[in-house]
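Engineer: Okay, handing you the structure first.
Protein chains: 2
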Amino acid sequence: MGQAALKTSGENAAERHVRLASRADAILDAAEQVFATSGFAGASMREIANRAGVAQALIHYHFNNKEKLFEAVIGRRSGEINTRRGELLDALLDNPAPPRLEKIVEALFRPTIEKGHSLAKGGGSFSRILVWFANSSDERDLKLAETYYDPIARRFIDAFCRVHPQLSRADAVWAYMFSIGVGMTMMARTGRSMRLSKGECDDSDIETMLEKIVIYVCGGIRALDAAGS
Amino acid sequence: MGQAALKTSGENAAERHVRLASRADAILDAAEQVFATSGFAGASMREIANRAGVAQALIHYHFNNKEKLFEAVIGRRSGEINTRRGELLDALLDNPAPPRLEKIVEALFRPTIEKGHSLAKGGGSFSRILVWFANSSDERDLKLAETYYDPIARRFIDAFCRVHPQLSRADAVWAYMFSIGVGMTMMARTGRSMRLSKGECDDSDIETMLEKIVIYVCGGIRALDAAGS
DNA sequence: GTCTATAGTTCGATAGAC
DNA sequence: GTCTATCGAACTATAGAC
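In structure tokens form, the structure reads like this:
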């Protein structure tokens with residue numbers, strides 16, 4: 000019958016896709032972990048291949064070279080994260096009444112922290128890549144940041160201005176940049192807050208940290224607004 | 000005479016020290032630039048040697064290996080910066096009246112930004128190393144951060160508590176971590192703020208940026224204080 | 001699509017002359 | 001203290017069989 004025919008010929012299109020996707024995804028997962036641990040320059044294609052359980056040449060077949068692989072790693076999660084951010088922002092702005100600043104700030108950070116920390120079979124270390132990435136002055140990273148993060152950044156800056164009509168555009172941009180910096184301390188998870196607080200401040204406790212960050216960031220933005228006029 | 004004798008034998012101790020210092024310093028300056036541009040893993044001893052105008056082997060003679068060289072680069076500027084930070088903080092706390100929070104925050108950031116950006120014959124790119132360094136989870140960097148930055152960090156956290164007696168110790172640590180994150184956006188100089196603001200927010204304009212940061216950070220800290228009780 | 005084998009480069013570090 | 005020369009390891013990427 001048809002099924003048997005397909006079986007002897009190998010596999011059908013769906014099965015084929017699943018298998019292919021699983022290999023490529025395994026590579027992306029492994030790459031995510033290794034880039035997170037060692038940065039772009041420090042990561043090696045050998046280690047990525049080993050961790051993914053594939054031959055090194057397969058990475059080149061799927062992703063061409065190291066740089067393109069990195070772009071794929073960035074693109075995969077950035078797409079998920081920024082789509083979710085946009086949805087949350089849409090929901091807040093659809094309302095005729097201006098939303099609370101706290102809600103906007105939470106929409107800015109929650110998708111990043113949640114997807115950045117816990118996705119991927121590998122263990123989810125995309126957030127560390129983002130830290131590396133957000134502060135890089137490397138041409139490759141700047142280009143990627145512009146492509147994947149500037150559009151949503153402008154939307155959040157607009158949202159700051161909408162909630163704080165007195166806030167100048169320039170101050171809104173400063174506010175955005177500084178807030179991203181705050182978020183990075185959440186993503187890095189160096190364990191430093193634990194050390195400095197003798198165990199009181201746990202940077203792996205997402206909910207507590209997010210709560211503190213929202214308070215701090217909103218306070219900072221409001222202070223810029225208050226000082227502006 | 001004595002001088003002639005010294006000359007034939009080579010040089011006196013002072014001359015010798017100057018020459019040695021200039022070679023070693025040239026290596027440190029070059030290393031600072033290359034590490035700033037490429038990170039630890041991405042930097043090569045060859046490029047550092049070329050930029051310093053010395054043989055590659057001389058780096059190993061003075062600094063043993065790449066890791067020790069990096070430590071020397073970190074240690075040199077961190078010493079200068081944190082000594083200055085401590086002095087400013089001492090001056091503020093010597094006063095019987097509690098200092099203004101703004102003054103403390105400025106003491107936290109000004110030495111870093113000023114020495115980080117403009118020191119070194121090479122062009123002063125230590126601040127970019129700090130960005131890299133502050134968010135690293137690499138064991139080497141964590142150890143260095145603990146040695147060079149935790150002591151002064153505790154002093155600033157104490158100062159936050161002194162100015163805001165209602166602030167819990169844990170919230171003071173959060174406040175410190177977040178504020179360092181804000182400072183990192185100042186150090187990175189990716190040019191992103193320029194792009195997002197169409198030229199209005201120049202991240203190489205130190206004084207304007209410092210002013211905005213102080214406002215934002217103080218607002219954040221005060222918000223944590225207000226929310227705490 | 002996936003593998004093995006390897007070409008070709010670059011790296012950190014050392015040996016040894018001066 | 002500083003150099004030249006080089007070793008041995010690790011890297012990215014490709015060639016070619018299956």
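Going line by line, the protein sequences match chains A and B.
Here the first sequence is numbered in numbering that gives the first Met the number 0, starting from 0 and rising by one per residue.
Here the second sequence is numbered in numbering that gives the first Met the number 0, starting from 0 and rising by one per residue.
Beta carbons are placed, not taken as given, at the ideal position from N, Cα and C, and that holds for glycine.
Keep in mind the model is a prediction, meaning the values are calculated, not measured.
At 7 Å on the CB atoms, spell out the chain A contacts of A169 (chain B), in chain order.
Structural biologist: S196, E199, C200
Engineer: So what does DSSP say about C200 (chain B), is it helix, strand or coil?
Structural biologist: coil
Engineer: Assign P97 (chain A) to one of three DSSP states: helix, strand, or coil.
Structural biologist: coil
Engineer: Go ahead and pull the three-state DSSP assignment for A181 (chain B).
Structural biologist: Note on identity: in this sequence residue 181 (chain B) is Val, with Ala being the wrong assignment. In the structure shown, V181 (chain B) sits in a helix (DSSP, three-state: H, G or I).
Engineer: Would you check if there are 3 or more beta carbon pairs closer than 8 Å linking the segment 173 to 192 of chain A to the segment 185 to 204 of chain B?
Structural biologist: Touching, per the Cβ criterion.
Engineer: May I ask you to list, following chain order, the residues of the segment 144 to 157 of chain A that have a beta carbon less than 8 Å from some beta carbon of chain B?
Structural biologist: A144, E145, D149, A152, R153, I156
Engineer: For T146 (chain A), does the count of other Cβ atoms within 10 angstroms reach 16, so buried, or fall short, so exposed?
Structural biologist: exposed
Engineer: Nearest chain A C-beta to F108 (chain B) closer than 8 Å, yes or no?
Structural biologist: no
Engineer: Please list, in chain order, the chain A residues whose beta carbon lies closer than 7 Å to that of V216 (chain B).
Structural biologist: G219
Engineer: Taking the C-alpha atoms as reference points, what is the distance between A42 (chain A) and F39 (chain B)?
Structural biologist: 12 Å
Engineer: Less than 8 Å between the C-beta atoms of R50 (chain B) and V33 (chain B), yes or no?
Structural biologist: yes
Engineer: Taking the straight line between their C-alpha atoms, what separation do you get for A226 (chain A) and G85 (chain B)?
Structural biologist: For the pair A226 (chain A) and G85 (chain B), the Cα-to-Cα distance works out to about 28 Å.
Engineer: List, in order along the chain, the chain B residues whose C-beta lies closer than 8 Å to that of G115 (chain A)?
Structural biologist: Below the 8 Å Cβ cutoff, chain B contributes no neighbours of G115 (chain A), its closest Cβ being approximately 14 Å away.
Engineer: Excluding the 5 residues preceding and the 5 following A71 (chain A) in the sequence, name in chain order all residues of the same chain whose CB lies nearer than 7 Å to its CB.
Structural biologist: L27, F62
Engineer: Closest Cβ-Cβ distance between S77 (chain A) and chain B: below 8 Å?
Structural biologist: S77 (chain A) does not count as touching chain B.
Engineer: Could you tell me the alpha carbon to alpha carbon distance between R221 (chain B) and G218 (chain A), rounded to whole angstroms?
Structural biologist: So the alpha carbons of these two residues sit roughly 7 Å apart.
Engineer: Of all Cβ atoms in chain A, is any one closer than 8 Å to the Cβ of I73 (chain B)?
Structural biologist: no
Engineer: Taking 8 Å as the threshold (C-beta atoms), are R191 (chain A) and A29 (chain B) in contact?
Structural biologist: no
Engineer: Measuring only between beta-carbons, confirm whether G180 (chain B) sits less than 8 Å from chain A.
Structural biologist: yes
Engineer: With a 10 Å radius around its C-beta and 16 neighbouring C-beta atoms as the bar for buried, classify E138 (chain B) as buried or exposed.
Structural biologist: Under a 10 Å Cβ-count criterion, E138 (chain B) is classified as exposed, with fewer than 16 other Cβ atoms of the shown protein chains found around its own Cβ.
Engineer: Inspect the beta-carbon positions of V213 (chain A) and V53 (chain A) and report whether they are closer than 8 Å.
Structural biologist: no
Engineer: Just to make sure I have the definition right: I need the residues of chain B whose C-beta is within less than 8 Å of the C-beta of S192 (chain A). Which are they?
Structural biologist: V172, W173, M176
Engineer: Pull up the distance between the alpha-carbon of V181 (chain B) and that of N134 (chain A), whole angstroms please.
Structural biologist: 12 Å
Engineer: Please return the same chain residues whose Cβ sits closer than 6 Å to the Cβ of L68 (chain A), not counting the five positions on each side in sequence.
Structural biologist: A30, F62
Engineer: Residues of chain B with CB closer than 8 Å to the CB of K211 (chain A), please, in chain order.
Structural biologist: D170, W173, F177, L223
Engineer: Can you find a C-beta in chain A that's less than 8 Å from the C-beta of A30 (chain B)?
Structural biologist: no
Engineer: With a threshold of 8 Å between beta carbons, is A226 (chain A) in contact with chain B?
Structural biologist: yes
Engineer: Going by the C-beta, is P150 (chain B) closer than 7 Å to any heavy atom of the ligand SAM?
Structural biologist: This structure does not include the ligand SAM; it has no bound ligands of any sort.
Engineer: Quick one: using the 10 Å Cβ neighbour count with 16 as the cut-off for buried, is T82 (chain A) buried or exposed?
Structural biologist: Its Cβ having fewer than 16 others within 10 Å, T82 (chain A) is exposed.
Engineer: Can a CB atom of chain A be found closer than 8 Å to the CB of R188 (chain B)?
Structural biologist: yes
Engineer: Can you give the beta carbon distance from F171 (chain B) to I156 (chain B), rounded, assuming they're within the 8 Å contact cut?
Structural biologist: The amino acid at residue 171 (chain B) is misidentified as Phe; the sequence shows Ala. 5 Å between Cβ atoms; contact.
Engineer: Nearest chain B C-beta to T184 (chain A) closer than 8 Å, yes or no?
Structural biologist: yes
Engineer: Taking all protein chains shown into account, decide if A56 (chain B) is buried (16 or more other Cβ within 10 angstroms of its Cβ) or exposed.
Structural biologist: exposed
Engineer: Alpha carbon to alpha carbon, what distance is there between I58 (chain A) and M44 (chain A)?
Structural biologist: 8 Å
Engineer: Which value, in whole angstroms, describes the spacing of the CA atoms of L87 (chain B) and T189 (chain B)?
Structural biologist: 29 Å
Engineer: Please report whether the beta-carbon of R127 (chain B) lies at a distance below 8 Å from any beta-carbon of chain A.
Structural biologist: yes
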